[in-house]
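Encoded as structure tokens, the structure appears first; notes follow it.
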Amino acid sequence: MVVEADLKKRAERIKELLLNSSLKEALEQIQAQMAGVTDWSILSRFEDIDRSYKYMLQYFSQGSPDDHRISVYHQLVRRSLILNDDVLQARLQPESMLLYYQHLRSRLSSSETIEGIRKDLESFVDNQDTNTHEHSLAMLFDLIWTNGQWSSQDSTSLLELIDSPLVMEDDSALVISAVTLSLMERFDPLKCLFLCQAVQNLSLAVSIRALTGLAVSLLGYKDILPYFPEVKDRITLLQDVPGIRERMLKVQMALLLCRETKEIDRRMREEFIPTMLRNPKLGDLMREELEREDVSPDWMEWIEKPEIKDKLMQMTELQMEGADVYMSTFSNLKNYPFFRSISNWFRVFSMDQPDVKSAFGTEGVSSTIGKSMLSSHVFCNSDKYSFALTFSQIPREQREMISGQLNDEAIESIEEKNSSPVAADITEKFLARQYAQDLYRFFNLFSRRHEFKDPFTTDLNLLIDTPLSILLQTDDSEQKIAAWLLQKNYYTEAVAAYRLMERNANPYSTDYRFYQQLGYALQRIQAYKDALESYRRSDILQPNNNWTMRHSAQCLRILGEPLEALNLLLEAEKNSADNLSLQIQIGDCLVDLKRYDEALTRFFKVDYLKPDYPKAWRAIGWCAFLAGRYDRSIEYYNKLLASKPTGNDCLNAGHAYLLSHNIQMAVSLYRQCGSIMGKEVFEAEFEKDRQILTDKGISEQDIPLLLDLI
């Protein structure tokens, strides 16, 4: 294993040298890597590259003019990149215990060919020999997956296979997955071109899998793609194919949603389901979440779209959004022998698959189950297989009960729903989501998943500076992706997306909400000056918008301009005098300006209008402390301490007690603060307030004694 790791490390080093234009050293490293390689093709190609480069250096040293020198050099680097992969594979092939090389050795010992398997698949409809069909699919998958570098004949043969009207659509879809997995193992321009061609396949499932395959594989090859311009040129041609850009957006959103799977899984287990059990009336919780102060009322139409609803929405709405809510449910159901075969993770669900047939037996329930749950769009293919295989372990009586509940009327309703025009319109979205979830499960649940490069460890945001960006940079795609990134709190990426829309003159960039949203994203990444500029642009497009003024004021306060912030807030107050949050903001500005009595008036107003409001208590407690009214400060901090105090509540209450000369209570609160925050954080926060304490009369010499007491 040490040798294997060393070989891979050297291959990565060779790649770095090639991309850094250190061809001579790279070739020296390749030659060292080739020790023990007996493949004549590899040895011959190395000698040809090495000889060509030496001739180039010789001509260059003689000052010979050569208009093609740059292109020839690029060709040498290109050939060396491919040779580097071939050498690594040749070194690992004989003995490596990685699954890829185990299957590679098995495939090399077989006489199966793509043409022969294609004939078997084409004849399946006639002979219905499921065992032969299963064997052919497994062999085909291995043959494609472990075929390192394609010839033009390999590409042609597989294109003929997936285009054959006699090959089932599900089998063609599996071919695309095998090509994708092979491409992720090592780069091959012909596989990229194959997937580009498959994108235009008449089968929607094949097309979506091909787009997804390009998305998850090419991100790992951004650095070497400039040496293979035919790939970029072919992708560029796809933008002119009707419907492909819209399809690419669905694939992109499905991949982005996979980012949320772990968080949704956690919240489903820890928050959503327990909340439902405690309180069936979940609507109140949802409304509270949507009424967050940071969300502009003018965005409500945007927020209410299914694809960007909050993670705490009801289960059905999460499903409409495409959220993967069943990952934890089925993660423990992937231990069946069926899932030991790598190809089965990418199979389209079929009731005719032998393991599924065996699971249901002859009890007459297969038709009912198949037409209902297992034919629905709720589950991905992998989870459908899990459910089917689990069904075989359910006692007979319970199986019959389930079958009876799924009566003909329910089946007809499902069939009618799935055949409706609305369902037809969103089929692409469902297929993209299901396949993304199938991939996610493989890379996260397969028993030997650690041997594969997991594409979901990258962000899979394809909008900017990726090989597929050209297919996503449309007005609609840019806006939807930017909105999703903002709503899901990916603020840095959201800023980049909005900036792209601005550069591309997206029509939405003339809307005041565009600059609100850009400003908000900038504010959240602490780019306050840029955020303020964005808010000012929004104000030009729609003057005197309260949300814009309030967020501008927040930035101004942080930038040290409390008076300007106060003036903005007072202007906003003219339109919403009863907004309690606005009153607190005004009070905060007055505190910054040391106008404590005016600030307290604002805070007391909020406390009067909304009793039991901790935000008002904190504001009063701190302002009263700064004003020297320690008794009033302690009064309100005690209210906070009686509920669920934060570390800062304990710290500030400790300050108030300290200035009231109640040292023991102060020390107790400081200790409580330390237990909440942690010792280091507490000490840092205390240090920030040291100047305030000394200005109010605490002796500098007493502070070390106080800290020792704590």
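The sequence shown lines up with residues 10 to 719 when you count with the numbering used here. Glycine is no exception: its CB is placed at the ideal position from the N, C-alpha and C atoms.
Flag this pair as yes or no: are the beta carbons of cysteine 682 and leucine 660 separated by less than 7 Å? Mapped onto the sequence shown, residue 682 falls at position 673. Mapped onto the sequence shown, residue 660 falls at position 651. In this structure, leucine 660 lies closer than 7 Å to cysteine 682 by Cβ.
Grab me the residues of glutamate 121's own chain with a C-beta within less than 7 Å of its C-beta, minus the 5 sequence neighbours each way, in chain order. Along the sequence shown, one-based indexing puts residue 121 at 112. The beta carbon of glutamate 121 sits closer than 7 Å to those of Met148 and Leu152, all from its chain and outside the five residues before and after it, given in chain order.
Using beta-carbon positions only, say whether valine 615 and glutamine 592 come within less than 7 Å of one another. As a working note, residue 615 is residue 606 in the sequence shown. As a working note, residue 592 is residue 583 in the sequence shown. Yes. Within cutoff.
Whose C-alpha, out of Ser708, Gly637, Asp95 and Leu228, is nearest the C-alpha of threonine 467? The count along the sequence shown starts at 1 and reaches residue 467 at position 458. Measuring from the Cα of threonine 467, the nearest candidate turns out to be Leu228.
If distances are taken between C-alpha atoms only, which option among Pro346, Ile244, Ser118 and Trp626 comes closest to isoleucine 479? In the sequence shown, the residue the question calls residue 479 occupies position 470. It is Ile244 whose Cα lies nearest to the Cα of isoleucine 479.
Specify, as a first and last residue, the run of the alpha helix (DSSP H) that leucine 527 falls within. Taking the sequence shown and counting its residues from 1, the one referred to as residue 527 is at position 518. For leucine 527, the uninterrupted alpha helix (DSSP H) segment begins and ends at 521-533.
Compare the beta carbon distance of valine 209 and valine 250 with 7 Å and say whether it is the shorter of the two. One-based indexing of the sequence shown puts residue 209 at position 200. One-based indexing of the sequence shown puts residue 250 at position 241. It is glutamine, not valine, that sits at residue 209 in the sequence shown. Less than 7 Å separates the beta-carbon of glutamine 209 from that of valine 250.
Please return the same chain residues whose Cβ sits closer than 7 Å to the Cβ of alanine 35, not counting the five positions on each side in sequence. Here residue 35 is taken as the residue at index 26 of the sequence shown, counted from 1. The residues are Ile23, Leu26, Leu27 and Ser89.
Taking Cβ positions, are leucine 472 and alanine 441 nearer each other than 7 Å? Indexing the sequence shown from 1 puts residue 472 at position 463. Indexing the sequence shown from 1 puts residue 441 at position 432. Contact: no.
May I ask which residues mark the beginning and end of the alpha helix (DSSP H) holding arginine 699? Here the question's residue 699 lines up with position 690 in the sequence shown. Looking at the DSSP string, the run of the alpha helix (DSSP H) that includes arginine 699 is 688-704.
Label alanine 9 either buried or exposed according to how many other C-beta atoms from any shown protein chain fall within 10 Å of its C-beta, with 16 as the threshold for buried. No answer is possible for residue 9: the residues shown for the chain start at 10 and end at 719.
How big is the Cα-Cα spacing for tryptophan 133 and leucine 170? Reading the sequence shown from its first residue, position 124 is the one you call residue 133. Reading the sequence shown from its first residue, position 161 is the one you call residue 170. Correcting the residue identity first, residue 133 is phenylalanine in this sequence and not tryptophan. Between phenylalanine 133 and leucine 170, the C-alpha separation is close to 14 Å.
Excluding five sequence neighbours on each side, which residues of the same chain lie with their C-beta closer than 6 Å to the C-beta of glycine 373? Locating residue 373 in the sequence shown gives position 364, counting from the first residue. Legend: pLDDT at glycine 373 = 48, less than 50; position of this residue unreliable, value from coordinates given subsequently. Contacts found: none.
Rounded C-beta distance between glycine 630 and arginine 611? I'm assuming under 8 Å. What you label residue 630 is simply residue 621 of the sequence shown in a count that begins at 1. What you label residue 611 is simply residue 602 of the sequence shown in a count that begins at 1. About 14 Å separates the two Cβ atoms, so there is no contact after all.
Compare the Cα-Cα distances from histidine 112 to each of Pro74, Ile351, Ile58 and Asn515 and report the closest residue. Here the question's residue 112 lines up with position 103 in the sequence shown. Nearest option by C-alpha distance: Ile351.
When burial is assigned at 16 or more other CB atoms within 10 Å of the CB, is histidine 459 buried or exposed? Along the sequence shown, one-based indexing puts residue 459 at 450. Flag for histidine 459 reads exposed.
What number of angstroms, rounded off, separates the C-alpha of leucine 321 from the C-alpha of alanine 628? As a first step, residue 321 must be located in the sequence shown, where it is residue number 312. As a first step, residue 628 must be located in the sequence shown, where it is residue number 619. Its pLDDT being 44, under 50, leucine 321 is placed unreliably by the model, and nothing is read from it.
Limits of the alpha helix (DSSP H) - the one that threonine 141 falls within: Working through the sequence shown from its first residue, we reach residue 141 at position 132. Taken as a continuous stretch (DSSP letters only), the alpha helix (DSSP H) holding threonine 141 covers 139-154.
Give every residue of the same chain whose Cβ lies closer than 8 Å to the Cβ of leucine 565, excluding the five residues on either side of it in the sequence, and list them in chain order. Here the question's residue 565 lines up with position 556 in the sequence shown. So the list reads Leu541, Pro571, Glu573, Ala574 and Leu577, once near-sequence residues are dropped.
From Tyr335, Tyr64, Ala214 and Ser161, residue whose alpha carbon lies closest to that of methionine 177: In the sequence shown, the residue the question calls residue 177 occupies position 168. Methionine 177 has its Cα closest to that of Ala214, out of Tyr335, Tyr64, Ala214 and Ser161.
Glutamate 502 classed as buried or exposed, judged by whether at least 16 other C-beta atoms fall within 10 angstroms: Here residue 502 is taken as the residue at index 493 of the sequence shown, counted from 1. With 16 or more Cβ atoms within 10 Å of its Cβ, glutamate 502 is classed as buried.
Report the three-state DSSP secondary structure of alanine 636 (helix, strand or coil). Position 627 of the sequence shown holds residue 636. Coil, per DSSP.
Own chain partners of serine 422 with C-beta closer than 7 Å, once the 5 adjacent residues on each side are dropped: As a working mapping, residue 422 is identified with position 413 in the sequence shown. With a pLDDT of only 46 at serine 422, under the threshold of 50, the placement of this residue in the model should not be trusted; the figure read from the coordinates follows. A distance below 7 Å between beta-carbons, with the five flanking residues on each side excluded, links serine 422 to no residue of its chain.
Under the three-state reduction of DSSP, which class applies to proline 516: helix, strand or coil? Position 507 of the sequence shown, counting from 1, holds the residue named residue 516. Residue state, collapsed to three classes: helix.
Roughly how many whole angstroms lie between the Cα atoms of phenylalanine 400 and tryptophan 354? For the purposes of this step, residue 400 is taken as residue 391 along the sequence shown, with counting starting at 1. For the purposes of this step, residue 354 is taken as residue 345 along the sequence shown, with counting starting at 1. When rounded, the distance between both Cα atoms is 18 Å.
Does the pairing of the region 41-49 with the region 95-109 give three or more beta-carbon distances under 8 Å? yes
Would the beta-carbon of tyrosine 500 fall within 7 Å of that of cysteine 267? Against the sequence shown, residue 500 aligns to sequence position 491. Against the sequence shown, residue 267 aligns to sequence position 258. Going by C-beta atoms, tyrosine 500 is not nearer than 7 Å to cysteine 267.
Where methionine 257 falls, given that 16 or more other Cβ within 10 Å makes a residue buried: In the sequence shown, the residue the question calls residue 257 occupies position 248. The residue is buried, with at least 16 neighbouring Cβ atoms inside 10 Å.
Ignore the nearest five residues each way along the sequence and tell me which others in asparagine 416's own chain have a CB closer than 7 Å to its CB. By 1-based counting over the sequence shown, the position of residue 416 is 407. Note that asparagine 416 scores a pLDDT of 49, beneath 50, so its modelled location is shaky and nothing firm can be said.
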